[in-house]
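Following: one structure in structure tokens, then a few remarks.
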Amino acid sequence: MMTPSLSTCLFGLLALAPSTIATPVSPGNVKRDDLTCSGFGKQPVDEVNWCIDYLHGKGTDTCLIDGPASDFCTYGHTKITGFNETPKQSVSSLCRDVAYGLQTVVDTCTSDGRVAGGNAAAGNADIFVSIQPA
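Heads up: the sequence shown is residues -22 to -1, 1 to 112, going by mature numbering (1 follows the signal peptide of the UniProt record, and there is no 0).
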């Protein structure tokens, strides 16, 4: 029995991987649905969690961006901003889905009680949600 070579295995895996096209978006040059742990500076995680709870509590209410960006929550020294990642004038998502996107940032990027970064709203790459200083 022959054992496949490493290059054969890697080529097979690459052939199965989906291809993507990176699109420059705000903030920085990341694909619109990429989670990032960098951005505008680290903010206190308890303030971000307050905003997550607030947005999650709004449930199926619409979080609307009319133009390039909208602030969804400000608490303490922290602001949660949504960026419109499309050429459309306005985009929206359920506020709970904005909260889910933020929760992934908190779960992935928190260090020493502080967090920075952004992510797409859950299930909606039209909106990139970012943690910023107020």
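Yeah, the Cβ is synthetic: ideal placement off N, Cα and C, and Gly gets one too.
- With a cutoff of 8 Å on beta-carbon distance, N27 and V76 are scored as not near each other.
- Comparing alpha carbon positions, the residue from T88, R74, Q21, Q81 closest to H34 is R74.
- In its chain, beyond the 5 residues on either side, A77, L80, Q81 have a beta carbon closer than 6 Å to the beta carbon of I30.
- Taking the Cβ atoms as the reference, L42 lies roughly 6 Å from S68, within the contact range of under 8 Å.
- For A112, the number of other beta carbons within 10 angstroms of its own is below 16, and it is reported as exposed.
- If the five residues before and after S48 are omitted, its C-beta is found closer than 6 Å to the C-beta atoms of G60, all from its own chain and listed in chain order.
- When DSSP states are grouped into helix, strand and coil, T82 belongs to the helix group.
- Taking a C-beta distance under 8 Å as the contact criterion, A94 and S71 do not qualify as a contact pair.
- For the pair T14 and V23, the Cα-to-Cα distance works out to about 16 Å.
- Take R92, set aside five residues on each side of it, and the residues of its chain with a beta-carbon closer than 8 Å to its own are K20, Q21, P22, V23, in chain order.
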